[in-house]
Amino acid sequence: MPLTAVLTANAISASGSSLTLIGVPWFVLETTGSPGRAGVVAFCATLPIVVSALVGGPVIDRAGRRRVSVGSDVVCGLAVAAIPLLHQADLLAFWLLCALMALGGLAHTPGVTARYVLLPDLARRSGTTLSRAASGYDAVARGARMTGAALAGVLIALTGAGNVLLVDGATFAVSAALVAAGLRHVPEALPRRDAPPVSVRTYKAELREGYAYLARTRLLLAVVAMVMLMNGTDQGWNAVLLPVHAERHLGGAPQLGLLAALFGAGGLSGALLYGLVGHRFRRRTVFSVCVLLCGAPRYAVAALTGTTLPLAATMVVAGLASGSLNPILTTVIYEKVPDALRSRVAGVLTAGCELAMPLGGLAAGFLVEGAGLRGALLVVGGLYLLATLSPLVFPAWKDMDAGAVSRTGPGRPSATPGARTPHPSA
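Position 206 (the sequence shown) corresponds to 205 in numbering that gives the first Met the number 0; numbering is contiguous.
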């Protein structure tokens with residue numbers, strides 16, 4: 000079944016991403032000992048993600064979602080596997096590490112977007128509702144990230160960070176093979192036959208359509224602004240703050256993997272729980288409470304304690320709260336965005352939500368070196384708290400409980416309330 004193939008491929012890819020998330024910062028700290036350099040590598044890895052998301056929507060439609068997803072996984076796998084191989088050959092200069100991470104970042108987002116925009120079509124083919132498919136999509140990814148994080152911590156302790164990156168490269172290869180086989184006969188995954196001839200003018204016009212639709216939809220603008228700040232601070236947490244905290248105070252890579260796995264376990268449980276009972280509650284209420292719990296408490300507990308247990312408990316609660324966020328956002332976005340604009344708007348949304356990520360890792364690295372780890376945790380956690388107050392303050396978020404748009408025409412709202420069709424990361 001195509002939906003099963005995509006969910007499985009996404010799970011394997013997400014598991015591999017957890018290996019990268021833990022393995023690369025630890026590899027940099029192992030080989031350079033510098034939080035600042037870990038931040039530079041994070042910047043190089045995430046800036047191309049934003050660039051490819053900004054311009055990639057029309058490319059995904061023309062090249063075909065299956066082809067883009069497979070090509071993305073192949074390039075990412077080769078880039079991440081090259082890092083330990085070049086290091087073993089004593090050929091890995093710091094600039095080359097940054098370049099390989101940039102190449103992986105450039106290729107990663109189009110593949111993720113290509114799979115994501117197929118979700119409504121695959122849900123219809125499988126006979127399930129979009130909200131249930133969205134919850135399953137997020138739950139599977141979170142479960143895989145949990146497993147990948149735990150595996151990364153153990154593998155780093157046993158074999159070193161380099162071997163973790165080789166395993167990550169293999170996960171990309173498996174994901175590519177699953178998508179190539181599972182979407183072979185899915186028309187929505189093939190290149191668009193009705194697209195106008197390729198030219199700079201038509202490409203710019205299609206790109207402008209995505210930006211224009213986002214600009215006139217207040218709720219989507221509010222989502223992008225908040226998630227952009229959340230993702231920026233989370234990049235600092237994942238790439239610098241938590242690895243340095245684990246290295247200095249918690250005992251090393253196994254504890255880092257444990258904490259990431261606990262957050263993933265909480266997220267998996269939260270996503271499954273929302274899929275079962277979330278439709279009974281107002282989206283804005285659930286989202287507002289959960290978004291406050293998922294972020295700032297982690298930073299405060301890490302800053303004020305130096306042991307694993309309090310932070311572990313906080314990570315479980317934060318993960319549980321975070322589990323409902325992406326299913327809610329996915330459902331809302333697919334209600335607001337017409338089918339014809341899906342790839343273009345998804346690319347713009349992804350770019351906007353990830354715009355602060357390059358600076359998040361870079362700033363966190365230099366904050367640790369300038370203000371100390373505790374000061375950096377409190378500053379970044381304070382910014383996270385301010386961002387997550389947005390749903391309680393701004394009126395645009397009231398639209399989260401409004402009805403869907405018509406799925407037949409580009410950008411014309413429907414008067415039908417409560418119609419259900421359902422990503423920025425949160």
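Even for Gly, the Cβ is constructed at its ideal location relative to N, Cα and C.
Per-residue burial, residue i [other beta carbons within 10 Å of its own, 16 or more giving buried]
i, result
"Ala403", "Low confidence applies here, because Ala403 scores a pLDDT of 43, under 50, leaving its location unreliable; read the following figure in that light. So Ala403 counts as buried."
"Phe280", "exposed"
"Gly256", "buried"
"Arg64", "buried"
"Gly152", "buried"
"Pro433", "Residue 433 lies beyond the stretch modelled for the chain, which goes from 0 to 425, so this question has no answer here."
"Met0", "exposed"
"Arg144", "buried"
"Asp233", "buried"
"Ala13", "buried"
"Val226", "buried"
"Gln254", "buried"
"Arg411", "With a pLDDT of only 31 at Arg411, under 50, the local geometry of the prediction cannot be trusted, and the value read off the model is given with reservation. With fewer than 16 other Cβ atoms within 10 Å, it is exposed."
"Val379", "buried"
"Thr3", "exposed"
"Leu6", "buried"
"Arg247", "exposed"
"Gly32", "exposed"
"Leu275", "exposed"
"Pro309", "exposed"
Beta-carbon contacts of residue i that lie in its chain and below 7 Å, excluding the five residues immediately before and after
i, result
"Leu292", "Val316, Ala317, Ala320"
"Val69", "Ala175, Val178, Ala179"
"Ala148", "Ser17, Ile21, Gly256, Ala259, Ala260, Gly263"
"Ser51", "Leu105, Thr108, Pro109"
"Tyr273", "Ser134, Gly322, Ser323, Pro326"
"Tyr210", "Val347"
"Asp167", "Gly15, Leu18, Thr19, Gly22, Val79"
Whole-angstrom C-beta distance between residue j and residue i, which should lie under 8 Å
i, j, result
"Arg114", "Asn9", "6 Å"
"Ala302", "Leu228", "Not confirmed; about 19 Å, so no contact."
"Val367", "Leu213", "That belief does not hold up - the Cβ atoms of Val367 and Leu213 are roughly 34 Å apart, past 8 Å."
"Met399", "Arg283", "4 Å"
"Thr307", "Leu249", "5 Å"
"Gly15", "Phe171", "6 Å"
"Cys43", "Asn230", "Their Cβ separation, rounded to whole angstroms, is 17 Å, which puts Cys43 and Asn230 out of contact at 8 Å."
"Leu165", "Pro296", "Not a contact, Cβ separation roughly 35 Å."
"Ala375", "Gly251", "That belief does not hold up - the Cβ atoms of Ala375 and Gly251 are roughly 20 Å apart, past 8 Å."
Own chain residues within Cβ distance below 6 Å of residue i, not counting five before or after
i, result
"Val74", "Ala106"
"Leu218", "Ala395, Asp398"
"Ile11", "Thr170, Val173, Ser174"
"Gly314", "Checking the sequence, you will find Met at residue 314 rather than Gly. Excluding positions up to five away in sequence, the list reads Leu258, Leu261, Phe262."
"Gly266", "Arg141, Gly318, Ser321, Gly322"
"Gly269", "Leu319, Gly322, Ser323"
8 Å Cβ shell around residue i - same chain, five flanking residues per side excluded
i, result
"Pro426", "Outside the modelled stretch of the chain, which goes from 0 to 425, sits residue 426, for which no answer is possible."
"Gln87", "Gly161"
"Thr331", "One detail in the question is off: residue 331 reads as Val in this sequence, not Thr. Same-chain partners within the cutoff: Leu218, Val222, Arg282, Met399, Pro421."
"Leu102", "Pro47, Val74, Ala78"
Given 8 Å, three or more beta-carbon pairs between the segment 353-366 and the segment 176-187: Segments in contact, no.
At least 3 beta-carbon pairs within less than 8 Å: the segment 132-143 vs the segment 244-261: No: fewer than three Cβ pairs fall under 8 Å.
Touching by the beta-carbon criterion (3+ pairs, under 8 Å), the segment 365-385 and the segment 72-85: no
Any 3 or more C-beta pairs closer than 8 Å across the segment 320-329 and the segment 12-21: Counting C-beta pairs closer than 8 Å gives fewer than three between the segment 320-329 and the segment 12-21, which falls short of the contact rule.
Whole runs of the alpha helix (DSSP H) within the segment 108-157, excluding any shorter than 4 residues: 118-125
Start-end ranges of the alpha helix (DSSP H) lying completely within the segment 253-327, minimum 4 residues: Listed in chain order, the alpha helix (DSSP H) runs fully inside the segment 253-327 are 282-293, 295-303, 307-321, counting runs of at least 4 residues.
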